[in-house]
Structure formats: C-alpha cells, structure tokens
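If you're matching positions, the sequence shown starts at 163 in the working numbering and goes up one per residue.
Even glycine gets a Cβ: it sits at the ideal position worked out from N, Cα and C.
Just so it is clear, the structure is predicted and the values come from calculations on it, not from any experiment.
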Amino acid sequence: MTVIEYAPAPESRALVRLEASYGLFVGGEFVAASGPSFATINPATEEVLAQVSEASAAGVDAAVKAARTAYTRVWSKLSGTDRGKYLFRIARLLQERAREFAVLETLDNGKPITQSRDVDIPLAAAHFFYHAGWADKLAYAVPPGPGGSTPAPLGVVGGIIPWNFPLLMLAWKVAPALAAGNTIVLKPAETTPLTALLFAQVCQEAELPPGVVNIVTGAGATGAALVAHPGVDKIAFTGSTAVGKQIARALAGTRTSATLELGGKGANIVFDDAPLDEAIEGIVGGIFFNQGHVCCAGSRLLVQESIADEVERRLKRRLATLRVGDPLDKNTDVGAINSRTQLDTIAGLAHVGEAEGAHRWDTGCALPEQGFWFRPTVFTGVTQTHRIAQEEIFGPVLSVLTFRTPAEAVAKANNTPYGLAAGIWTEKGSRLLWLADQLKAGVVWGNTYNQFDPTSPFGGVKESGYGREGGRHGLAAYLQGEGH
Ligand code: NAP
Ligand code: MG
C-alpha cells in the first residue's frame with residue numbers, strides 16, 4: 163500500500179483568547195469567582211487552559227433565582243416572534259464566530275478540528291436556527307392547550323450535559339427550552355466548560371435579556387444541586403445511565419419533569435449483500451468518529467459470517483490509514499481521549515476483553531508522549547457474554563460479533579440493556595425495513611451511520627433513557643402537558 167506523507171496543517175490557536183479564570187454566568191453577568199475553582203485542561207497536551215469556578219448549592223440557587231426572575235418578568239411576556247429574533251441572533255453569532263468556537267472546542271475536548279469545525283459547531287448553529295423558526299409557531303407544533311390556547315412553557319429548565327459534544331449538547335438543551343418560552347440554568351461537564359462560557363458571551367452580544375441563560379460550571383455535585391433545587395421545573399439530562407438513574411430517583415414523586423438521554427451500545431449490522439466499501443466507511447465512522455466518545459456509536463459490529471473474514475481484512479487495512487495525533491491538525495482523524503479517567507476506563511475494559519478471551523488488534527500507530535491517547539482497537543471473536551459486548555466503552559474500541567441469519571442478527575442486536583441506535587447495511591430494502599422494525603433502538607440508520615439533523619428526533623428506549631431531542635417531539639418536551 164502506498165503511504166501518503168502529509169505536511170502539517172495546524173489550525174491557529176491564536177483565534178482563541180482565554181481568560182486565566184472564569185466565574186459563573188448568572189443574570190447576564192459573569193460573577194467573579196469567590197469559592198473553589200478547578201482547572202480545565204487540553205487533553206492532547208495536559209496544558210492547563212483556564213481556572214473555572216465550581217458552583218456550590220448557593221451558586222446554583224442564585225442562578226435558578228435569576229432564571230425565575232427572567233422567566234416571570236421578561237421572557238414569558240415576550241411574543242414568540244420576539245423570542246425567535248433572539249434565537250436567530252444567537253444562531254448567526256455562532257456562525258460568525260464558528261472558527262473561534264471550533265478551536266476552543268478542540269482545545270478543551272481533544273476532538274479533531276475537522277470534526278468541531280464541520281460537525282459540532284455547524285450543527286449547534288443549525289439547532290438555534292431550527293428552533294428560532296418554531297418560536298412563533300408553537301400552536302402548530304403540538305396540540306392546543308386548555309380552551310384552545312397555545313401550549314405554555316414549563317418555567318425554569320435545568321440542563322446537565324456531558325463532555326463529548328459540549329457546545330452541541332448545550333444547543334440541544336438551550337435552543338428548544340428558549341423557543342418554547344422557558345429560561346434555563348445549564349451545567350456543562352467538568353472537563354469541557356469553555357465553549358459554554360464563550361456561549362455566555364454570545365448571549366451578552368445578542369443582548370439576550372439577563373437571566374434567560376445561566377451557566378453554572380462545576381462537577382457532579384453541582385449537577386446534583388441543580389437536580390435537587392425545588393425551583394427547577396424540568397431537568398434535561400444527557401449523560402451516563404448510572405447518573406440518569408440517580409436523577410430519576412431524586413425526582414421521583416416531585417413535580418419536576420425530566421428527559422434522560424443516556425448511554426448506548428449500538429449494533430452496526432452488515433449483511434453479505436451490503437455495499438462493502440460504503441459499509442467499511444460506515445463502520446469506521448460509526449465507532450472511531452470523536453474517538454468513540456459517542457452515545458450512539460456503532461460499538462458492536464455484527465457481521466454476517468460468510469463475509470466476516472473479508473470485512474475484517476478490509477477494516478484493518480482502512481484503519482491503518484487513520485491518523486491519530488494533534489487535534490488542531492486538519493489531517494488528524496482521531497484525536498485525544500477526553501480525560502485520564504476516561505482513558506483508564508477504556509484501557510481497563512480493553513484489558514477485560516483480552517482476559518475474557520477475545521482477540522485484540524490495534525493499528526500500532528505512534529502516539530504523542532504527552533496527553534491521553536488510545537489506538538484504534540478492534541476485538542474479534544467476541545461473544546455476547548463478554549463485557550466488551552455488553553458495556554459501553556465510550557472509546558475507540560470496536561467489538562466484532564458474527565451472525566448467520568437475520569433472526570440471529572435481531573436477537574444479538576437486541577441483547578443489551580441499552581436501546582439508543584443501530585445501523586443496517588444491506589442491498590435489500592425489504593430486509594432493511596423489516597429489521598428496522600425488529601430492533602429495539604430509538605434511531606436506526608440504513609446504509610449510513612451517525613446522521614444528525616435538528617428536525618429529526620433523537621433519543622433512546624430501555625436503559626438509554628426517555629424523551630426525544632430535536633424535531634417537534636423534542637420541542638414538545640419543553641411545553642406543558644407534552645412529552646414528559
Ligand atoms: P456522566 O458522568 O453521567 O455526566 C453527565 C453530566 O452529569 C456531567 O455534566 C456530570 O458532571 C453530571 N453529573 C455527574 N454526576 C451527577 C449527579 N449525581 N447529579 C447530576 N449531575 C451529575 O456522563 P459522562 O461520562 O460525562 O458522559 C458520557 C455518557 O453520556 C455516556 O454514557 C454517553 O452515552 C452519554 N451520552 C448520551 C447522549 C444521548 O443523547 N443519549 C449523548 C451524549 C452522551 P461532571 O462531568 O462534571 O462529572
Ligand atoms: Mg478540558
């Protein structure tokens with residue numbers, strides 16, 4: 163195989179101006195940090211990027227109060243048309259500052275710049291554009307409220323998001339919440355708070371009324387304080403199933419509604435009549451995009467036995483071309499693992515895969531000395547009882563299983579506590595539709611993978627959670643009497 167040499171193509175980090183420390187964003191202002199703070203680092207270099215405030219229960223309380231005041235005095239009194247104008251303004255500012263946001267996301271998260279540039283930031287802006295369009299059309303989005311009235315907002319929303327798509331997950335919460343007429347307190351993940359803080363500046367620039375969006379940085383305890391706050395009307399959570407269960411328990415019996423977008427163990431199912439070149443790209447993108455830190459990752463490859471050897475051969479050949487390294491380089495395909503903790507989890511589960519008897523292979527590529535890295539890894543000979551076939555690894559690790567018949571593919575694909583996403587690769591449309599119907603997953607892709615659009619509802623079944631984000635269904639979950 164010809165090896166192509168690439169010249170370095172680094173994006174400029176000078177596009178980003180970082181403060182040494184950040185306070186909480188409450189009531190339209192950055193509140194000077196007084197209590198404890200923590201460092202957020204670049205996982206590709208372990209360099210400290212900034213100090214960020216850790217919001218205590220009192221900090222969360224101040225943010226919820228600011229959100230309530232903004233809701234009662236301003237936001238709930240505005241027309242949908244006026245709310246829509248603010249959302250359009252935010253969407254345009256995200257586009258104007260897209261390059262800066264992309265660099266900052268890559269610095270704080272470790273994902274390749276091509277992905278933050280081409281996926282995270284444009285999709286985040288698209289979510290604001292899409293929901294801006296709904297703000298004055300809520301009466302057409304959901305059935306009318308009592309007496310034919312336009313459906314009413316819930317009030318104050320608490321949003322809690324993970325670190326894998328920081329700005330995009332923020333957009334998934336903030337855009338529908340505001341379009342529906344709610345105000346919000348958002349807690350970003352501990353390791354990736356910086357684009358949320360830059361978004362706070364965008365809210366100021368858009369002259370969004372103070373208190374409509376509040377950002378409280380911190381770790382799990384800050385999230386728990388937001389969940390426990392009696393002034394929050396709805397919790398919109400994206401994260402792990404374990405924390406989702408804690409939140410469901412904490413909210414049981416209260417009047418606070420919740421949507422939970424949790425983990426997954428997606429099956430990517432490849433039949434012997436599949437277009438193999440496309441399928442290989444779909445398998446690679448399905449698990450190695452964003453270092454495999456993707457809730458809907460196709461982390462289990464189910465391949466028909468008759469083509470298993472051929473698929474394995476082609477897959478390994480393709481993986482050998484992946485470029486792992488500096489996330490700011492535009493040639494990079496696979497970036498840094500987001501944190502040392504996550505790296506330890508991935509390495510631990512990969513070790514278990516070997517110990518349980520699966521065959522481990524990786525690309526053997528060189529890795530940078532500093533930072534958190536894991537080579538793209540494939541396990542073959544995986545059986546359903548192996549932990550790497552059952553548990554979410556949330557890293558660049560693919561588990562390969564085989565099947566003989568469509569019925570066996572269905573049984574194996576559904577043999578997981580999760581039910582978030584799946585992919586099917588086959589030439590036969592009838593088989594694709596039959597199979598899609600049998601799979602217990604919120605999203606099923608046919609001859610493609612990881613397609614996202616703000617108009618399309620996304621969410622899971624079983625232990626992948628409840629509620630949808632995106633589309634009319636996602637919007638409905640931010641209105642009274644709907645979707646919760
Ligand atoms: P996580 O540990 O559950 O954290 C998610 C968020 O919850 C973070 O902001 C976290 O804060 C916060 N948190 C932690 N403990 C909490 C508590 N007791 N009460 C309230 N909030 C708490 O998940 P993660 O490891 O960051 O993210 C990976 C998980 O998210 C994976 O399982 C993935 O599948 C899932 N995910 C799902 C979707 C979806 O749409 N279904 C999308 C993306 C990711 P800290 O980060 O500061 O600890
Ligand atoms: Mg970071």
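TODO: Could you tell me how far apart the beta carbons of ARG346 and ALA229 are, in whole angstroms, since I believe they sit closer than 8 Å?
DONE: In the sequence shown, counting from the first residue as 1, residue 346 sits at position 184. In the sequence shown, counting from the first residue as 1, residue 229 sits at position 67. The sequence given here has Ile at residue 346, not Arg. About 6 Å; that satisfies the 8 Å criterion.
Open item on the list: Within 10 Å of its beta-carbon, does TYR248 have 16 or more other beta-carbons around it, so buried, or fewer, so exposed?
Closed with: Residue mapping note: residue 248 aligns to position 86 of the sequence shown, counting from 1. So TYR248 ends up on the buried side.
Task: Closest residue to LEU641 among ALA225, LYS299, GLY608 (Cα-Cα distance) - done: Indexing the sequence shown from 1 puts residue 641 at position 479. The shortest C-alpha separation from LEU641 is found at LYS299.
Open item on the list: Between LEU348, THR357, PRO172, VAL318, which has its C-alpha nearest LEU211's C-alpha?
Closed with: Mapped onto the sequence shown, residue 211 falls at position 49. Of LEU348, THR357, PRO172, VAL318, the residue nearest in Cα terms is THR357.
Task: Among PHE291, GLN213, SER238, TRP237, the one whose alpha carbon lies nearest that of GLN257 - done: Counting from 1 along the sequence shown, the entry for residue 257 is found at position 95. Ranking PHE291, GLN213, SER238, TRP237 by Cα distance to GLN257 puts PHE291 first.
Open item on the list: Please state the DSSP three-state secondary structure of SER215.
Closed with: As a working mapping, residue 215 is identified with position 53 in the sequence shown. Correct three-state label for SER215: strand.
Task: Three-state secondary structure (DSSP) of GLY317 - done: The residue given as residue 317 occupies position 155 in the sequence shown. Correct three-state label for GLY317: coil.
TODO: In the DSSP assignment, find the unbroken beta strand (DSSP E) run with GLY295 in it and report its ends.
DONE: Taking the first residue of the sequence shown as 1, we reach residue 295 at position 133. Taken as a continuous stretch (DSSP letters only), GLY295 belongs to no beta strand (DSSP E), being part of the alpha helix (DSSP H) at 283 to 296.
- [ ] Provide the residue span of the beta strand (DSSP E) that contains LYS396, from first to last.
- [x] The residue labelled residue 396 in the question sits at position 234 within the sequence shown. It spans 396 to 400 - the beta strand (DSSP E) in which LYS396 sits, taken as one unbroken run.
Open item on the list: Does the contact criterion of 3 or more C-beta pairs under 8 Å hold for the stretch 235 to 253 versus the stretch 280 to 297?
Closed with: yes
- [ ] For the beta strand (DSSP E) containing HIS521, list its first residue and its last residue.
- [x] Mapped onto the sequence shown, residue 521 falls at position 359. Note, HIS521: beta strand (DSSP E), 521 to 524.
Task: Top-ranked residue by Cα proximity to THR207, from ARG502, PRO619, THR545 - done: Here the question's residue 207 lines up with position 45 in the sequence shown. Closest by alpha carbon: ARG502.
TODO: Express the C-alpha separation of LYS239 and GLN453 in angstroms, rounding to a whole number.
DONE: Position 291 of the sequence shown holds residue 453. Position 77 of the sequence shown holds residue 239. Approximately 44 Å between the Cα atoms of the pair.
Open item on the list: Spatial neighbours of ALA232 within its chain, please: C-beta separation below 7 Å, excluding the five flanking residues on both sides.
Closed with: Residue mapping note: residue 232 aligns to position 70 of the sequence shown, counting from 1. THR345, PRO371, PRO372, GLY373, VAL374.
Task: Backbone secondary structure at PHE361 - three-state DSSP - done: Locating residue 361 in the sequence shown gives position 199, where the first residue counts as 1. Here PHE361 sits in helix by DSSP.
Open item on the list: Could you check if ILE377 belongs to the surroundings of the ligand MG, using beta carbon to heavy atom distance under 7 Å?
Closed with: For the purposes of this step, residue 377 is identified with residue 215 of the sequence shown, where counting begins at 1. No - the ligand MG has no heavy atom lying nearer than 7 Å to the Cβ of ILE377.
Open item on the list: Using only the alpha-carbon positions, how far apart do SER196 and GLY190 sit?
Closed with: The residue labelled residue 196 in the question sits at position 34 within the sequence shown. The residue labelled residue 190 in the question sits at position 28 within the sequence shown. So the alpha carbons of these two residues sit roughly 18 Å apart.
Open item on the list: I'd like to check one pair, ALA520 with ILE550: are the Cβ atoms closer than 8 Å?
Closed with: What you label residue 550 is simply residue 388 of the sequence shown in a count that begins at 1. What you label residue 520 is simply residue 358 of the sequence shown in a count that begins at 1. Their beta carbons are under 8 Å apart, which means ILE550 touches ALA520 by this criterion.
TODO: At 3 residues or longer, and completely inside the stretch 450 to 512: list those beta strand (DSSP E) runs for me, N to C.
DONE: 462 to 466
Task: Cβ-Cβ separation, SER626 to GLY426 (assumed contact under 8 Å), whole Å - done: For the purposes of this step, residue 426 is taken as the residue at position 264 of the sequence shown. For the purposes of this step, residue 626 is taken as the residue at position 464 of the sequence shown. The pair is a contact, with the Cβ atoms about 5 Å apart (cut-off 8 Å).
Open item on the list: Considering only heavy atoms of the ligand NAP, does any lie closer than 7 Å to the CB of PRO324?
Closed with: As a first step, residue 324 is located in the sequence shown; it is residue number 162 there, counting from the start. The answer is yes for PRO324.
Open item on the list: Whole angstroms are fine: how far does the CA of SER468 sit from the CA of GLY636?
Closed with: The residue given as residue 636 occupies position 474 in the sequence shown. The residue given as residue 468 occupies position 306 in the sequence shown. Distance between the alpha carbons of GLY636 and SER468: 41 Å.
TODO: Tell me, please, which residues DSSP counts as bridged to TYR628.
DONE: Stepping through the sequence shown from its first residue, residue 628 is reached at position 466. DSSP output for TYR628 lists LEU422 as bridge partner(s).
Task: Simplified DSSP assignment, three categories, for SER183 - done: Translated into the one-based positions of the sequence shown, residue 183 becomes position 21. Residue state, collapsed to three classes: strand.
Open item on the list: For ASN376, tell me which candidate among ALA368, ALA383, GLY382, PHE361 has the shortest Cα-Cα distance.
Closed with: By 1-based counting over the sequence shown, the position of residue 376 is 214. Answer by Cα proximity: PHE361.
Open item on the list: Tell me the DSSP secondary structure of ALA176 in three-state form.
Closed with: Along the sequence shown, read from residue 1 onward, the residue named residue 176 stands at position 14. Correct three-state label for ALA176: helix.
Open item on the list: I'd like to confirm the pairing. Which residues does DSSP put opposite ASN376 in its beta bridges?
Closed with: Here residue 376 corresponds to residue number 214 of the sequence shown, with the count starting at 1. DSSP output for ASN376 lists VAL347 as bridge partner(s).
Task: Three or more C-beta pairs below 8 Å linking the stretch 400 to 419 and the stretch 434 to 444 - done: no
Task: Whole-Å CB distance - VAL514 paired with THR542, under 8 Å assumed - done: Looking up residue 514 in the sequence shown gives position 352. Looking up residue 542 in the sequence shown gives position 380. About 16 Å separates the two Cβ atoms, so there is no contact after all.
- [ ] Take GLY242 as the anchor and find which of THR202, ALA528, PRO170, ALA339 has the nearest alpha-carbon.
- [x] Within the sequence shown, numbered from 1, the residue matching residue 242 stands at position 80. Measuring from the Cα of GLY242, the nearest candidate turns out to be ALA339.
Task: Sequence-distant residues of its chain with Cβ nearer than 7 Å to LYS602 (five each side left out) - done: Residue numbering aside, residue 602 sits at position 440 when the sequence shown is read from its first letter. Around LYS602: ASN576, GLY581, VAL623, LYS624.
Open item on the list: Please state the DSSP three-state secondary structure of GLY557.
Closed with: Here residue 557 corresponds to residue number 395 of the sequence shown, with the count starting at 1. The answer is coil: DSSP assigns GLY557 none of H, G, I, E or B.
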